[in-house]
Amino acid sequence: MRLIAGRYELQKELGAGGMGAVWLGRDQVLGRSVAIKEIRLAATGATKLTAAAFQEARAAAALNHTHIVPVYDVVEYRSRPWIVMLAIEGPTLQQRVQSDGPLGPDAVARIGVSLASALDAAHEQGIVHRDVKPSNVMLARDDHPWLVDFGIAQPRSCVPADEAPGTVADDLAIVSRAAKGSAGYAAPEQVRGDPPEPGVDVFGLGATLYYAVEGEHAFSGDDAWATLMAPQFESPRRPRKAGSLGTILLRMMARHPADRPTLAEVQSALRLPPRRTCFPRRAHSGAAPLGVTVATSAR
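In the UniProt record's numbering, the protein residues as written are 1 to 299.
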């Protein structure tokens, strides 16, 4: 048995990536299952990454929302930070699409309303997520969405000196993960290194919902670098399966932040039923209808 900080038992590795791994564990003190995120540090930059991990924990722990995974604890073990969170049983949104194909517009709209509400709550606390993407959305029972991984989230007023406007690192891994979000989901101003503002999360959410309903990225390139840079120079591909969601998704991925809707507007748009044309009943006299009425009432 491998015990972390004398309290958390590691049971099974759930997944791993370049920055670390996520384990299913058990809190022996409280007797409950937990997810434990192990941050695997490179030989260089370990101090900065450790600070970033504690920053992630503080950012997420400050939030209390039904669609944000709560953080229980953060500990240091064998010179690595470990973040203890609620254990979610279910796939990520990315895994669901990859296994089952695109979701229907109604399901994506429901997920979108939930995530927009979560991000709005984070923004009210001055926290911008900066890495909204399908692999950071967990789907629990009844497809209840949870937003995870505040690994590059930070207060809007706090921008590290090496991420000041106008600087872009040469290393794609540094650009896309440590500072600028993920390729295909990062807003143009993120890639430029502008200070984080709520609009970057609106963009990321739009690109995430686009992927969920279309089954493909809104932007594409020959490699990760080209995909990361594409939103600065190209418009997103026109959606083919999104139906009535298409308009709001394209607005959310507008190149300029001022052209994007607020998260409140996003929620309102996603709650509206599809627009449909209603033809008045033909009069008893046999007269032809004089016009049409478009129903736009909210649910």
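Glycine residues also receive a C-beta, built at the ideal position from the N, C-alpha and C atoms.
Inset, instruction - Compute the Euclidean distance between the alpha carbons of D100 and S117, then round it to the nearest angstrom. - result: To locate residue 100, count along the sequence shown from 1; it is residue 100. To locate residue 117, count along the sequence shown from 1; it is residue 117. Roughly 26 Å between the two C-alpha positions.
Legend entry - Enclosing alpha helix (DSSP H) for E265 [first to last residue]: Position 265 of the sequence shown, counting from 1, holds the residue named residue 265. Per DSSP, E265 belongs to the alpha helix (DSSP H) from 263-271.
Legend entry - Closer than 9 Å to chain E by CB, D120: Among the chains in the structure shown there is no chain E, since it carries only a single protein chain.
Legend entry - Rounded C-alpha distance that separates K241 from A264: On the sequence shown, residue 241 is found 241 positions in, with the first residue counted as 1. On the sequence shown, residue 264 is found 264 positions in, with the first residue counted as 1. So the alpha carbons of these two residues sit roughly 24 Å apart.
Inset, instruction - Taking only the alpha-carbon atoms, compute the straight-line gap between P134 and L3 and give it to the nearest angstrom. - result: On the sequence shown, position 134 is the one that residue 134 refers to. On the sequence shown, position 3 is the one that residue 3 refers to. Their backbone Cα atoms lie some 31 Å apart in a straight line.
Legend entry - Residues of its chain near A87, where Cβ-Cβ distance is below 7 Å and the 5 sequence neighbours each way are ignored: The residue given as residue 87 occupies position 87 in the sequence shown. Once the five neighbours on either side are set aside, the close Cβ partners of A87 are L24, S33, V34, A35.
Inset, instruction - Measure from the alpha carbon of A5 to the alpha carbon of each residue in D149, R78, G199, L30, then state which is nearest. - result: As a first step, residue 5 must be located in the sequence shown, where it is residue number 5. Comparing Cα-Cα distances from A5 to each of D149, R78, G199, L30, the minimum goes to R78.
Inset, instruction - Return helix, strand or coil for A124, following the three-state DSSP convention. - result: Your numbering for residue 124 matches position 124 in the sequence shown. Reading off the sequence shown, one finds Glu at residue 124, where the question assumed Ala. If DSSP states are grouped into helix, strand and coil, E124 belongs with the helices.
Inset, instruction - Indicate the three-state DSSP secondary structure (helix, strand or coil) for Y10 in the structure shown. - result: Stepping through the sequence shown from its first residue, residue 10 is reached at position 10. Looking at the sequence provided, one finds Leu at residue 10 rather than Tyr. Strand at L10.
Inset, instruction - Out of P198, Y211, R26, R271, point me to the one whose CA is closest to H123's CA. - result: As a first step, residue 123 must be located in the sequence shown, where it is residue number 123. Of the listed residues, the one whose Cα sits closest to H123 is P198.
Inset, instruction - Please work out which residues of its chain come closer than 7 Å, Cβ to Cβ, to G246, disregarding the five sequence neighbours upstream and downstream, and give them in chain order. - result: In the sequence shown, the residue the question calls residue 246 occupies position 246. Hits under 7 Å: P239.
Inset, instruction - Could you give the DSSP three-state label for M138: helix, strand or coil? - result: Position 138 of the sequence shown, counting from 1, holds the residue named residue 138. The answer is strand: DSSP assigns M138 an E or B state.
Legend entry - C278 (DSSP reduced to helix, strand or coil): The residue you call residue 278 lines up with position 278 of the sequence shown. Any answer about C278 is weak, because its pLDDT of 43 lies below 50 and its placement is not dependable; what the coordinates show is given next. Correct three-state label for C278: strand.
Inset, instruction - Name, in chain order, the residues that DSSP records as bridge partners for Y77. - result: Reading the sequence shown from its first residue, position 77 is the one you call residue 77. Answer is R80, bridged to Y77.
Legend entry - D149 beta carbon less than 9 Å from that of D120: Position 120 of the sequence shown, counted from the start, is the residue given in the question as residue 120. Position 149 of the sequence shown, counted from the start, is the residue given in the question as residue 149. Not closer than 9 Å, so no.
Inset, instruction - Could you have a look at I111 and say whether DSSP puts it in helix, strand or coil? - result: Here residue 111 is taken as the residue at index 111 of the sequence shown, counted from 1. Of the three classes helix, strand and coil, the one that applies to I111 here is helix, per DSSP.
Inset, instruction - Under 6 Å Cβ to Cβ from R251, same chain only, skipping five residues before and after it: list those, please. - result: Numbered from 1 along the sequence shown, position 251 holds the residue referred to as residue 251. Answer for R251: P261, listed in chain order.
Inset, instruction - Count the other C-beta atoms from every protein chain shown that fall within 10 angstroms of the C-beta of L30, then say buried if there are 16 or more, exposed otherwise. - result: For the purposes of this step, residue 30 is taken as residue 30 along the sequence shown, with counting starting at 1. Result: exposed.
Inset, instruction - For M1, count neighbouring C-beta atoms within 10 Å of its own C-beta (all shown protein chains included) and say buried if the count is 16 or more, exposed if not. - result: Position 1 of the sequence shown, counting from 1, holds the residue named residue 1. M1 comes out exposed.
Legend entry - First and last residue of the uninterrupted alpha helix (DSSP H) at E214: Here residue 214 corresponds to residue number 214 of the sequence shown, with the count starting at 1. 198-214 is the span of the alpha helix (DSSP H), which, as asked, contains E214.
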